[in-house]
Amino acid sequence: MTTTPSLVAAPAPQRGSRPTLRLLRHLLPYWRRLLPAALASAGSDLAAAALMATAAWLITRAAEQPPLASVSVAIVAVRALALGRGALRYADRLLGHDGVLRAVAGFRTRVYEALVPLAPAGTPAFRSGDLLTRLVDDVDAAQDLLLRVLIPAAAATAVAVAATGAATALLPQAGVLLGLLLAVAGLLAPALVLALSRRTGPAEKAARSELAALTVDVTQGAADLAAYGARGRAEERVRGASARIAALERRGALTTSLASAVVLLLQAGALVGVTWLALRAHAAGTLAAVHLTVLAVLVLVAFDALAPLPGAARRLAEVRASARRLADLFDARPPVTDPPAPVPLPATGPLGVDITGLRVRHRPDGPPALDGVTLRLQPGRRTVLLGASGSGKSTLIAALMRYVPYEAGSIRVGGRELRDCAGADVRRAITGMTQDAHVFHATIRANLLLARPDARDADLREAARRARLLDWIESLPDRWDTVLGEDGATMSGGQRGRLLLARALLADPPVLVLDEPTEGLDPDTAAAVLTDILTATRGRTTLLVTHDRSCLTEADDIVTLDDGRIRSVREVDA
Amino acid sequence: MKPVERRLMRELPVLRRHMTYSTVLALLTAGLVVAQAVLLAAVLADGFAGGGVLIAPLAVLVALAAVMALRALLVWARGLLAQRAAADAKRTLRDRVTERLGRTGPLRPAARRHGETVTLLTRGLDALDPYVVGYLPTMTATAVVPLTVVGWLLWADWTSALVVIVTLPLIPVFGALVGMHTAQRTARQWGLLARLGGHFLDVVAGLPTLRAFGRERHQTRVVGEMADAHRRATMRTLRVAFLSSFVLETVATLSVALVAVPVGLRLLRGELDLRTALTVLFLAPEAYLPLRAAGAAFHDSAEGIAVAERVFAMLDDEDGPHALEGVRATERAAVHALASHARTTHLRLDEVTVHHPGRTAPALRHASLAVAPGEHVALAGPSGAGKSTLLALFLGFVTPASGRVEVGGTDLARLDPDAWRTQVAWVPQRPHLFAASVADNIRLGRPDASDAEVRRAARAASADLFIEELPAAYDTVLGEHGAGLSAGQRQRVALARAFLKDAPVLLLDEPTAHLDPESEAAVTRATVELMRGRTAVVVAHRTSLLPHADRIVTVRAGSLDLDPSRPTALAVSHPAPLAAFRPAPLSAPQPAPTEGLLT
């Protein structure tokens, strides 16, 4: 039962305004690195084209049986171009990847900076691991935009322009025809692909999300389905969704390879047309015989260079979806912004918190998640906040940590109104263990030091001892340098909870908040961890959010939250 | 071919068909490529020789256009068939995974794997596209096209053919040599790459934590540094990995030069005619093209193969003891006779021992229990003692390692589980809400129930009030992306399901905790109402249900603590004295009286 504040990102102000171009603008500062790659790529393709054209010239010229000297340059050129092609290709691959990876590294930093003020309430991504993974994949889509769309397109254009130029030099009308058909193919084929993806995209997306929901039902609801004899029906629905996706993909197949076929058809037209013009010019004596073959070969190589374009367009369609999500991210308004002249906040000593008449809404038009909440966290006392899922417990924590704004009421810490303080200062005073607390893929030491970078080893040991984690750490072969798996995957639930607790204790803020520290633990472990928490926090201003009632005897004050309002307060005599 | 590819071919007829079509199309394409080269060479050679009459070249040009149009048609057909094969292959795999999920024991596997399964079935399988659409047809073309081209060259000009025959095998040979040399280095880099690549996701996922401790700005620099380290490591790998493509390209283009230059020299000496020379020039690159394409497609196919491996791993994953459905249907006695008597059926566990996979201690050890028709048995005891396992036994979700589960004197293993389950209503601890309307969620056991019946069941479960407050009342869509319900509300939806099903046997797992006092009272009221007139085995985590039980059985570390002084079946009218409930020392901590909290 997790209820992270479900703030939906503010609607993007300039939605749909060319997200791909916006993504590109983020990458363009790296053009110095990208240009050599594009040049090498174009050079490699030009070398291949020139190789064929020169070879054609060589052969046709040789058929006229001139002295060897007159073709020796061509022979050398053919061999050099053959070698150069491979070398340029290698350079293109390396320069391209290096430049693109540099651009993506810079872009990652930009995305990270955009995410900072949005964590955790400003974007839905922080509520779902799947969305988060997709976001990270989206950032890597920038790589594809450069490597698989722009650079191939640049190379194709270079070859097309060069071939058209060469053809025009030999026979102007042939050059015009070739250039015209190349332009049509170069624009039409990608446009076809993009139009198609725009048409089938939404239907496929809907079918996929339906399949995902139904799959969740047959996996997570397997037991319910079996017990109620409904498994057959549910599986039938999954098969139905699967079949719909397949049908949409099959229908899409009719048109996906159309673009490649169109390029070939236009190539046929250009080849026949140019050859016909060339034959007529040759018959009229205005075109040398050698150039007859060269023109035909130019048509072949120019259109061959266009072959990657449909594939590039397909990638572009995928990148566009990623770019749109990233644009939304950059446009999202942070839920809380700092005041222009923040008031300083004391960051030491036990502080009290006075909450009066607090009202918080997740959406401007939605019902209040907290309404008229008045609560006093007294210095040095441990308050347990009880309440059912969705009663507003985590929203209260989010408001205290300035992750979400409050529209009415006040929160005063040490006499200062939180609204007037900088968010970073607030979180120095009020922090601890949030519900989405993360164990980093790093050593135990690094995971703890995060809370207080200047902590000494003795401090670490003390925090771990109080969280009852010390024995476990010291029993590990690498002890403090043990690398923890992705989000603590290598630890048990209880150890993870204790590590997060140790981190919160090490931070030692004036007001310590602990949001459902036993979430996901089995009841026995949960009880043990809760008891330890209450012992470890004796004498500190602490707000412990839980829905487990087993810890009440240890608490100083108990508050129950119900549907966004304080239901009851009990002060336990010390 | 890797073993997993062989298995794909073996198990997916659509891919075998795809290979056949691809081969035929590749053969046709190869023929057209040869025809195109011959026709173009002819028209150019004729034009070179004389010019003059333009009628003959015109006919050849029309033929050339026709050949190229046919090629375009084949390209379209090849794409169409490949895309369809991919769509069908993915659908087959999706359906097989779904079917496998159905055969897996219904007890929930680790939550982590659900997300994985969903991702695999939706986005993950798309990685097969490059394999099916790009790689497989290219592989067939690799076998067919060079042979056709070389065959033609042998007939037209055997000296050039010889050059191609000698150089062509160099590509796979060099490729393999470079590959062998680089494989080790790449493998060594892989772990580092994966770690550096995963760093960004790790930091982003941990961003709320970083902000909580004021470390978010510090990490901005680290994100850049790690991305840079990732780039350097990637480039170290790529410098070596791209060597193979360098070799491939160089051999292919150099071979064209090796063919073209001697041809030119022979023309110079008048040993060859222009038409043949041009045919050779046009055809030679075509012999190398499929191999170059295969090299490029190979990189893209790797992910598809990895996905196929994951699918097969999932299909092969045997869950052992859960697979009750593994019992052959022929051995199952008909349960229909039982159905009409379920209200008068005894439930019995006879010396049952259950092992959960991956655990050393048995979940239940020689447990025996008899439940009389209409009796209400409450199971108490610490969490993990085996209470839920006991319910799973009666549901047929778990098969005992030894001992028998009997229903009306018949071994449950010999009954058709689905038929037996029609007699059972089950209310789990955390009921699953399906991505469907509230009404359809309640209808789970009786899809044909009328709206009035659904409402009646909801009212009986004390669920009607909150349902009517939902945005679309009974039509509100629930599930992961639908309206969220609190734990108590979910429980009441599940109780409504059970009311609607109206089965004679009730198996109920009380929610562990987390209900607010109001929900708890409502749930208890509805539960007691539901138990009336039914045989009920309920797992009671709290005390509120205990007074309504005829008998309380304490489960402790897999053993049942039956009070021998009490008869197996008690008259329904006798409530069990609360004193019979002795909480085990490890039980969930004592709940505090909720009333005391109110001031």
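Chains as they are written, first to last, in our numbering: chain A, 1205 to 1778; chain B, 172 to 770.
Backbone N, C-alpha and C fix where the C-beta goes; we use that ideal spot for every residue, glycine too.
It should be emphasised that the depicted structure is a prediction, and the values quoted were computed from it without experimental measurement.
- Would you please verify whether the beta carbon of D680 of chain B is less than 8 Å from any beta carbon of chain A? No, D680 of chain B does not count as interfacial toward chain A.
- For L1235 of chain A, does the count of other Cβ atoms within 10 angstroms reach 16, so buried, or fall short, so exposed? As written in the sequence, residue 1235 of chain A is Trp, which differs from the Leu given in the question. Exposed is the call here.
- Residues in the segment 403 to 427 of chain B having any Cβ partner in chain A nearer than 7 Å: So the close ones are T405, M406, L409, R410, F413, S416, F417, E420, T421, T424, L425, V427.
- Message: Going by DSSP in three states, S539 of chain B sits in which element: helix, strand or coil?
- Response: Here S539 of chain B carries a strand assignment [DSSP, helix/strand/coil].
- Query: On the premise that R242 of chain B lies in contact with V203 of chain B, defined as a C-beta separation below 8 Å, what is that separation, rounded to the nearest angstrom?
  - Reply: In the sequence under discussion, the amino acid at residue 203 of chain B is Leu, which differs from the Val named in the question. L203 of chain B to R242 of chain B, Cβ: 5 Å. Contact.
- Query: Is it true that the segment 1545 to 1554 of chain A meets the segment 1622 to 1635 of chain A, where meeting means three or more beta-carbon pairs spaced less than 8 Å apart?
  - Reply: Between the segment 1545 to 1554 of chain A and the segment 1622 to 1635 of chain A, the count of Cβ pairs shorter than 8 Å is three or higher; the stretches touch.
- Message: D1663 of chain A and L1710 of chain A - do their beta-carbons sit closer together than 8 Å?
- Response: Closer than 8 Å, so yes.
- Message: Is there a Cβ of chain B sitting closer than 8 Å to that of E1758 of chain A, yes or no?
- Response: For E1758 of chain A, the answer is no, since every Cβ of chain B falls outside 8 Å of its Cβ.
- Given that V1282 of chain A touches chain B, what residues does it touch there, using C-beta distances under 9 Å? Per Cβ cutoff of 9 Å: V427, A428, A431, V432, G435.
- If we cut at 8 Å on Cβ distances, does Q145 of chain B have a partner in chain A? The structure shown has nothing for residue 145 of chain B, since chain B only spans 172 to 770.
- Item | chain B contacts from the segment 1274 to 1298 of chain A (Cβ-Cβ distance under 8 Å) | So the list reads V1275, A1278, I1279, V1282, R1283, L1285, A1286, L1287, R1289, G1290, A1291, R1293, Y1294, R1297, L1298, given in the order they occur along the chain.
- Output, in chain order, the set of chain B residues within a Cβ distance shorter than 8 Å of T1638 of chain A. Taking a Cβ-Cβ threshold of 8 Å, the residues of chain B close to T1638 of chain A are P379, T380, A383, in chain order.
- Task: Tell me whether G377 of chain B is buried or exposed, calling it buried when 16 or more other Cβ atoms sit within 10 Å of its Cβ.
- Result: Under this definition G377 of chain B is a buried residue.
- V598 of chain B: first and last residue of the uninterrupted beta strand (DSSP E) it sits in: 595 to 598 is the span of the beta strand (DSSP E), which, as asked, contains V598 of chain B.
- In the structure shown, what three-state DSSP assignment does P1572 of chain A receive? In the structure shown, P1572 of chain A sits in a strand (DSSP, three-state: E or B).
- Message: Using a 10 Å radius around the Cβ and a threshold of 16 neighbouring Cβ atoms, would you call Q1269 of chain A buried or exposed?
- Response: Exposed is the label assigned to Q1269 of chain A, since fewer than 16 other Cβ atoms lie within 10 Å of its Cβ.
- Task: Mind listing the chain A neighbours of M239 of chain B? Cutoff is C-beta to C-beta under 9 Å, in chain order.
- Result: Chain order gives the chain A residues near M239 of chain B as L1468, L1469, Q1471, A1472, G1473, L1475, V1476, where near means a beta carbon separation below 9 Å.
- Message: Against chain A, which members of the segment 608 to 629 of chain B pass a CB distance test of less than 7 Å?
- Response: Correct list: L615, G616, P618.
- Local conformation of H189 of chain B per DSSP, three classes: For H189 of chain B, the secondary structure class from DSSP, reduced to helix, strand or coil, is helix.
- Query: What residues in the segment 321 to 345 of chain B bring their beta carbon closer than 9 Å to a beta carbon of chain A?
  - Reply: The residues in question: there are none.
- Query: Is it buried or exposed for E681 of chain B, if we count other Cβ within 10 angstroms and need 16 for buried?
  - Reply: Buried, because 16 or more other Cβ atoms sit within 10 Å of the Cβ of E681 of chain B.
- Message: Taking the straight line between their C-alpha atoms, what separation do you get for L460 of chain B and H526 of chain B?
- Response: Going from the Cα of L460 of chain B to the Cα of H526 of chain B covers about 59 Å.
- Query: Are V1476 of chain A and A236 of chain B close, meaning C-beta to C-beta below 8 Å?
  - Reply: With respect to A236 of chain B, V1476 of chain A sits close: the two C-beta atoms are nearer than 8 Å.
- Query: So D1428 of chain A is in the alpha helix (DSSP H); what residue range does that whole segment cover?
  - Reply: Where D1428 of chain A is concerned, the enclosing alpha helix (DSSP H) stretches over 1426 to 1431.
- Could you tell me whether any Cβ in chain B is nearer than 8 Å to the Cβ of W1684 of chain A? Output row for W1684 of chain A: interface = no.
- Take R1528 of chain A and list the residues in its own chain whose beta-carbon comes closer than 6 Å to its own, dropping the five residues that flank it on each side. If the five residues before and after R1528 of chain A are omitted, its C-beta is found closer than 6 Å to the C-beta atoms of P1223, all from its own chain and listed in chain order.
- Message: For a contact defined as C-beta to C-beta under 7 Å, what are the partners of R242 of chain B on chain A?
- Response: Under the 7 Å cutoff, chain A gives L1468.
- Mind listing the chain B neighbours of A1348 of chain A? Cutoff is C-beta to C-beta under 8 Å, in chain order. It should be pointed out that residue 1348 of chain A corresponds to Asp in this sequence rather than to Ala. Annotation: D1348 of chain A has no Cβ neighbours in chain B at a cutoff of 8 Å; minimum Cβ distance is about 12 Å.
- Message: Can you list, in chain order, the residues of its chain with a C-beta nearer than 7 Å to that of V1388 of chain A? Leave out the 5 residues immediately preceding and following it.
- Response: Exclusion of the five residues before and after V1388 of chain A leaves L1470 as the residues of its chain whose Cβ lies within less than 7 Å of its Cβ.
- Selected residue, minimal CA-CA separation from R188 of chain B, among B:R249, B:R630, B:A234: Per the C-alpha coordinates, the member of B:R249, B:R630, B:A234 positioned closest to R188 of chain B is B:R249.
- In three-state DSSP terms, what is V1643 of chain A? Secondary structure at V1643 of chain A: coil, using DSSP grouped into helix, strand and coil.
- Identify whether L1491 of chain A lies in helix, strand or coil by the three-state DSSP scheme. Reduced to three states, the DSSP call for L1491 of chain A is coil.
- Message: Considering just the uninterrupted stretch of the beta strand (DSSP E) at M1637 of chain A, what are its terminal residues?
- Response: Taken as a continuous stretch (DSSP letters only), the beta strand (DSSP E) holding M1637 of chain A covers 1634 to 1637.
- Query: What do you reckon, are the CB atoms on V724 of chain B and V548 of chain B nearer than 8 Å?
  - Reply: Cβ distance < 8 Å, so V724 of chain B and V548 of chain B count as in contact.
- Task: Quick one: grab the DSSP three-state call for D1342 of chain A.
- Result: If DSSP states are grouped into helix, strand and coil, D1342 of chain A belongs with the helices.
- Nearest-angstrom Cα separation, counted from R630 of chain B out to T695 of chain B: Separation of T695 of chain B and R630 of chain B (C-alpha to C-alpha, rounded to the nearest whole angstrom) is 14 Å.
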